[in-house]
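Chemist:
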Amino acid sequence: MVKKRVFMERKIRVLLAKPGLDGHDRGIKVIASALRDAGFEVIYTGLRQTPEMIVEAAIQEDVDAIGMSILSGAHMTLFPAVLNLLKEKNADHILLFGGGIIPKEDVEKLEKMGVGMLFTPGAATTEAIEYLNNEIPKRRKEEKIF
Amino acid sequence: MGDSSMKRIKEKKEELKRKSKEECLKKKYETLSGIPVEILYTPDDLEGFDYSKDLSSPGEYPYTRGIRDNMYRGKLWTMRQFSGMGTPKQTNQRYHFLLERGQTGLSVAFDLPTLMGYDSDHPRSQGEVGKCGVAVDSLEDMETIFDGISLDKISTSMTINAPASILLAMYVAVGEKQGVPSEKLTGTLQNDILKEYIAQKEWVFPPEPSIRLITDIMAFCADFVPKWNTISISGYHIREAGSTAVQELAFTLADGFAYVEAGIRAGLDVDTFAPRLSFFFNSHLDFFEEIAKYRAARRIWARHIRERYKAKKKESWLLRFHTQTAGCTLTAQQPENNIVRTAFEALAAVLGGTQSLHTNSMDETLALPSEKAVQIALRAQQIIAYESGVPNTIDPLAGSYYIEWLTNKMEEEAEKYFKEIEKRGGVLKCIEVGYFQREIANAAYKYQREIEKKERIVVGLNDFIVPGEKIEIPLVKIDEKVEKEQVENLKKVRQKRDNDKVKKRLEELKRAAKGTDNTMPKILDCVRCYATEGEIIDVLREVFGEYQEPPMF
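If you're matching them up, the sequences are chains A and B in order.
Under this note's numbering, the first residue of the first sequence carries the number 1, and numbering increases by one thereafter.
Under this note's numbering, the first residue of the second sequence carries the number 147, and numbering increases by one thereafter.
#1: Quick test of your reading: B/L285 and B/M316, contact by CB under 8 Å. State the CB separation rounded to the nearest angstrom.
#2: Here's the rule: buried if 16 or more other CB atoms are within 10 angstroms of the residue's CB, otherwise exposed. What is B/S424?
#3: Quick one: Cα of A/F40 to Cα of A/I59, how far?
#4: For B/K341 versus A/G23, is the C-beta spacing smaller than 7 Å?
#5: Under 8 Å Cβ to Cβ from B/R687, same chain only, skipping five residues before and after it: list those, please.
#6: Are there 16 or more other CB atoms within 10 angstroms of the CB of B/R441, so buried, or fewer, so exposed?
#7: Considering Cα atoms alone, identify which of B/L512, B/G572, B/S546, B/V604 is closest to B/K623.
#8: Counting only the same chain and skipping the five closest in sequence on each side, list residues whose C-beta sits under 7 Å from that of B/E176.
#9: Against chain D, with Cβ distances strictly below 7 Å, would B/T477 count as a contact?
#10: In chain order, what residues of the same chain have a beta carbon less than 7 Å from the beta carbon of B/G230, not counting five sequence neighbours either side?
#11: Can you list, in chain order, the residues of the region 241-264 of chain B whose Cβ is nearer than 8 Å to any Cβ on chain A?
#12: Note down the Cα distance separating A/A123 from B/W223, rounded to an integer number of angstroms.
#13: Just to confirm my understanding: we take B/T188, look at its own chain, exclude 5 residues before and 5 after, and list those with CB closer than 7 Å. What are they?
#14: Name the chain A residues whose beta carbon is nearer than 8 Å to that of B/P697?
#15: What are the partner residues of B/G605, as DSSP defines its beta bridges?
#16: Around the Cβ of B/R240, are there at least 16 other Cβ atoms within 10 angstroms (buried) or fewer (exposed)?
#17: So with CB distances below 7 Å, who are the chain B contacts of A/V30?
#18: Taking the continuous alpha helix (DSSP H) assigned at A/A17, which residues delimit it?
#19: At a CB distance below 9 Å, what residues from the region 602-629 of chain B approach chain A? Give them in sequence order.
#20: Are the region 422-439 of chain B and the region 540-557 of chain B touching, with three or more C-beta to C-beta distances below 8 Å?
#21: Return the CA-CA distance between B/L162 and A/V42, expressed in angstroms with no decimal places.
#22: Taking CB distances under 7 Å as the criterion, tell me whether B/C576 reaches chain A.
#23: Give the straight-line distance between the Cα atoms of B/E461 and B/A472, rounded to the nearest whole angstrom.
#24: Return the CA-CA distance between A/S33 and A/L132, expressed in angstroms with no decimal places.
#25: Which residue marks the beginning of the alpha helix (DSSP H) containing B/L552, and which one marks its end?
#26: Measure the C-alpha to C-alpha separation of B/A587 and B/G580 and round it to an integer number of angstroms.
#27: For B/W447, does the three-state DSSP call read helix, strand or coil?
#28: What span of residues does the alpha helix (DSSP H) with B/Y382 cover, start to end?
#29: Using 8 Å as the cut-off, can you tell me whether the region 638-658 of chain B makes contact with the region 669-678 of chain B, which would need three or more C-beta pairs spanning the two stretches below that distance?
#30: Could you name the residues of the same chain whose beta carbon sits closer than 7 Å to that of B/A531, not counting the 5 residues immediately before and after it, in chain order?
#31: Identify the continuous beta strand (DSSP E) that holds A/A65 and give its terminal residues.
#32: Can A/L95 and A/A57 be called in contact, C-beta distance under 7 Å?
#33: Along the chain, where does the alpha helix (DSSP H) that runs through B/L222 open and close?
#34: For A/M1, would you say it is in contact with chain B, using Cβ-to-Cβ distances shorter than 7 Å as the test?
#35: By how many angstroms is the C-alpha of B/Q594 removed from the C-alpha of B/L607?
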């Protein structure tokens with residue numbers, strides 16, 4: 001890993017993205033506001049991002065995590081695409097998590113592939129906040145050891 | 147009523163209000179949209195109320211009580227389940243199932259590539275084909291969807307916006323093949339691009355050419371498809387995106403006024419196109435607020451169209467609307483409870499005088515509806531229609547102090563928004579600077595925080611939870627093979643058709659798009675020779691350009 005993270009105390013930076021053709025942005029905007037109010041640095045890409053655009057933006061913005069929202073059923077195509085690109089670009093220290101209408105068996109498959117927590121209908125924003133607050137410091141620490 | 151008895155009523159109410167501050171379960175009572183609600187409504191809440199001016203008879207201006215003088219005795223609402231999934235063949239099967247179960251109209255749900263103008267083999271369509279609706283690439287797909295369904299016997303609504311002209315052209319062409327002339331076709335195009343920019347976000351072109359395509363459709367239909375509703379001005383998506391009832395009402399009607407103004411600017415006489423404008427509202431869970439919203443909508447529309455836009459025909463003043471129960475009120479937890487929620491929402495729509503209704507299926511937060519789930523949803527409508535006695539008499543809640551007060555209040559609040567929109571430079575300007583988008587996002591965030599703080603109870607979600615519950619209803623999954631099958635079919639269509647002819651027709655369309663000729667007849671020529679949706683959109687995109695939204699939250 002070339003990139004050194006000297007600012008251990010820096011705020012958690014999250015890129016929120018809407019991949020694919022889906023235009024439902026109520027959920028991602030609610031999450032964006034909730035993370036911002038909880039002290040995170042939030043970058044929202046807007047709609048219709050390709051996996052390439054998302055990974056590019058994540059690397060340039062030096063984020064800790066990418067959150068993707070997919071309500072259209074294309075999750076089994078788009079999550080693996082982003083995951084693979086992160087590996088290809090040596091950026092798999094970035095956590096990929098998300099939410100949307102994702103059936104339970106697909107959640108399990110995606111988590112096995114290496115996707116982080118996936119939040120489905122009814123989840124509270126506090127769950128996502130808590131998850132990131134636990135997960136990101138752990139990852140930053142591991143990264144420092146390497 | 148004498149002054150002294152009115153005084154007594156007021157005094158008694160004040161006393162109840164005082165007492166209620168100390169003895170009631172909650173600190174504040176308000177509608178779902180945040181309008182404060184009193185413990186009791188009495189005649190003094192309706193000061194200046196004038197039956198003939200504010201309500202009048204059903205079928206008479208300002209139509210508060212309904213658009214027809216015999217309402218549901220003359221004709222029940224159309225039972226129209228929004229439906230589409232996988233391949234055109236699967237969707238055709240679902241339509242036959244729904245019609246056999248007693249549905250009385252069709253409503254097509256297209257997949258995202260179709261909504262966005264991409265063919266199934268476009269790289270951006272990967273993973274999305276047939277997922278949240280049916281995939282349509284060429285006329286052949288539409289022929290399959292309506293196979294065995296006579297277009298002169300049923301009305302069809304199509305939820306399609308940016309590519310609306312293309313799908314309407316395909317429908318007209320299917321009619322031609324069935325021997326049904328376009329004059330006989332009945333149905334609705336959603337074709338409401340303004341609410342796409344505001345809420346649903348499925349756009350292709352920038353606003354100006356989008357509006358031109360819409361006025362082209364209005365002019366074409368006035369001549370050739372006179373029974374077609376050319377736009378379904380939609381509040382549904384605005385509400386689903388998180389707006390309040392008042393915002394839904396105000397933003398939707400403001401969009402409606404913008405279309406009327408666009409038609410007038412394009413040189414059309416308001417009375418030639420206004421009768422074919424229709425509306426589409428959400429039915430959320432605050433029962434009385436929703437009913438008041440529909441009543442207020444009719445009254446506001448009638449007043450503005452007659453007084454502001456000087457329409458002379460009665461048909462222009464009428465606000466006719468379709469309703470869909472609120473998808474955003476459904477929970478993934480204890481999904482069977484959604485049957486109950488949907489039934490209340492459907493009842494509100496009927497009490498509000500809807501012309502057509504979709505009831506959501508209990509499984510729709512989890513997947514596309516199963517046959518079992520959609521049948522129950524349809525049955526809810528049939529139970530209201532045939533068992534509840536509700537349709538027997540017109541607008542039965544009229545005269546209720548609360549309903550009339552709330553109807554007035556909705557109108558007042560909507561008028562405030564119209565002024566605000568005007569002050570900010572009109573609908574297009576408000577879209578450009580993200581005014582609507584921000585208002586909606588703020589309302590959505592507020593709603594979510596209230597749920598998380600348990601200021602708002604959602605049964606099964608933040609209270610009355612069943613720990614470790616298992617979902618016990620069957621869920622539909624769209625097979626990944628659908629995409630492959632659809633792409634192969636598309637390849638075959640491209641091989642079979644006369645490709646020189648397709649090229650020529652697309653060139654002609656390009657010329658029309660660059661100039662001022664109506665694009666509709668050219669698009670019809672394109673679809674007749676099996677030009678695909680993606681090919682037609684590409685031509686238009688080249689001429690019109692593409693819309694980009696500035697990201698904000």
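Idealized CB from N, CA, C, for every residue including glycine.
Modeler: Quick look at the numbers:
#1: Position 139 of the second sequence holds residue 285 of chain B. Position 170 of the second sequence holds residue 316 of chain B. Correct: roughly 5 Å between the Cβ atoms.
#2: Here residue 424 of chain B corresponds to residue number 278 of the second sequence, with the count starting at 1. Flag for B/S424 reads buried.
#3: By one-based count along the first sequence, residue 40 of chain A stands at place 40. By one-based count along the first sequence, residue 59 of chain A stands at place 59. The alpha-carbon atoms of A/F40 and A/I59 are separated by roughly 17 Å.
#4: Taking the first residue of the second sequence as 1, we reach residue 341 of chain B at position 195. Taking the first residue of the first sequence as 1, we reach residue 23 of chain A at position 23. No, Cβ-Cβ distance for B/K341 and A/G23 is not below 7 Å.
#5: Here residue 687 of chain B refers to the residue found at position 541 when the second sequence is read from its first residue. Only residues of its own chain outside the window of five on either side were considered, and among them G263, V350, F351 have a CB closer than 8 Å to the CB of B/R687, listed in chain order.
#6: Indexing the second sequence from 1 puts residue 441 of chain B at position 295. Burial call: buried.
#7: Here residue 623 of chain B corresponds to residue number 477 of the second sequence, with the count starting at 1. Cα-wise, what sits closest to B/K623 is B/L512.
#8: Locating residue 176 of chain B in the second sequence gives position 30, counting from the first residue. Excluding positions up to five away in sequence, the list reads P182, V183.
#9: Going by chain labels, chain D is absent from the structure shown, which instead holds the protein chains A and B.
#10: Counting from 1 along the second sequence, the entry for residue 230 of chain B is found at position 84. Cβ contact annotation for B/G230 (same chain, cutoff 7 Å, sequence separation greater than five): T237, V254, A255, F256, G279, V280, in chain order.
#11: Within the region 241-264 of chain B, the residues whose Cβ lies closer than 8 Å to some Cβ of chain A are L258, P259, L261, M262, Y264, listed in chain order.
#12: For the purposes of this step, residue 123 of chain A is taken as the residue at position 123 of the first sequence. For the purposes of this step, residue 223 of chain B is taken as the residue at position 77 of the second sequence. Rounded to whole angstroms, A/A123 to B/W223 spans 36 Å at the Cα level.
#13: Residue numbering aside, residue 188 of chain B sits at position 42 when the second sequence is read from its first letter. If we look at B/T188 and ignore the five residues flanking it on each side, its Cβ neighbours are I155, K159, Y547.
#14: The sequence position of residue 697 of chain B within the second sequence is 551, counting from 1. The answer, in chain order, is Y44, T45, G46, L47.
#15: On the second sequence, residue 605 of chain B is found 459 positions in, with the first residue counted as 1. It is Val, not Gly, that sits at residue 605 of chain B in the sequence shown. Bridge partners of B/V605 according to DSSP: B/D609.
#16: One-based indexing of the second sequence puts residue 240 of chain B at position 94. Buried, since its Cβ has 16 or more Cβ neighbours within 10 Å.
#17: Mapped onto the first sequence, residue 30 of chain A falls at position 30. Ordered by position in chain B, the residues that pass the 7 Å Cβ test against A/V30 are A590, Y591, Q594.
#18: Counting from 1 along the first sequence, the entry for residue 17 of chain A is found at position 17. For A/A17, there is no enclosing alpha helix (DSSP H); the enclosing beta strand (DSSP E) has its first and last residue at 13-17.
#19: Within the region 602-629 of chain B, those residues whose Cβ lies closer than 9 Å to any Cβ of chain A are, in chain order, V604, G606, L607, N608, I617, L621, K623, I624, E626.
#20: The region 422-439 of chain B makes contact with the region 540-557 of chain B: 3 or more CB pairs, one atom from each, lie closer than 8 Å.
#21: As a first step, residue 162 of chain B is located in the second sequence; it is residue number 16 there, counting from the start. As a first step, residue 42 of chain A is located in the first sequence; it is residue number 42 there, counting from the start. For B/L162 and A/V42, the gap between their C-alpha atoms comes out near 48 Å.
#22: For the purposes of this step, residue 576 of chain B is taken as the residue at position 430 of the second sequence. For B/C576, the answer is no, since every Cβ of chain A falls outside 7 Å of its Cβ.
#23: As a working note, residue 461 of chain B is residue 315 in the second sequence. As a working note, residue 472 of chain B is residue 326 in the second sequence. Taking the straight line joining both Cα atoms gives about 29 Å.
#24: Position 33 of the first sequence, counted from the first residue, corresponds to residue 33 of chain A. Position 132 of the first sequence, counted from the first residue, corresponds to residue 132 of chain A. Between A/S33 and A/L132, the C-alpha separation is close to 15 Å.
#25: For this step, residue 552 of chain B is matched to residue 406 along the second sequence. Looking at the DSSP string, the run of the alpha helix (DSSP H) that includes B/L552 is 547-569.
#26: By one-based count along the second sequence, residue 587 of chain B stands at place 441. By one-based count along the second sequence, residue 580 of chain B stands at place 434. Going by the C-alpha atoms only, they are around 10 Å apart.
#27: Here residue 447 of chain B corresponds to residue number 301 of the second sequence, with the count starting at 1. Assigned with DSSP and collapsed to three states, B/W447 falls in helix.
#28: Taking the second sequence and counting its residues from 1, the one referred to as residue 382 of chain B is at position 236. First-last of the alpha helix (DSSP H) with B/Y382: 382-386.
#29: The region 638-658 of chain B vs the region 669-678 of chain B: in contact.
#30: To locate residue 531 of chain B, count along the second sequence from 1; it is residue 385. Cβ neighbours of B/A531 beyond the five flanking positions: L222, P537.
#31: Working through the first sequence from its first residue, we reach residue 65 of chain A at position 65. Membership of A/A65 in the beta strand (DSSP E) is indicated by the continuous run 65-70.
#32: For this step, residue 95 of chain A is matched to residue 95 along the first sequence. For this step, residue 57 of chain A is matched to residue 57 along the first sequence. Going by C-beta atoms, A/L95 is not nearer than 7 Å to A/A57.
#33: Reading the second sequence from its first residue, position 76 is the one you call residue 222 of chain B. Neither: B/L222 is in no alpha helix (DSSP H) and is coded neither H nor E.
#34: Residue 1 of chain A sits at position 1 when you count from the first residue of the first sequence. Legend: pLDDT at A/M1 = 46, less than 50; position of this residue unreliable, value from coordinates given subsequently. For A/M1, the answer is no, since every Cβ of chain B falls outside 7 Å of its Cβ.
#35: In the second sequence, the residue the question calls residue 607 of chain B occupies position 461. In the second sequence, the residue the question calls residue 594 of chain B occupies position 448. Between B/L607 and B/Q594, the C-alpha separation is close to 12 Å.
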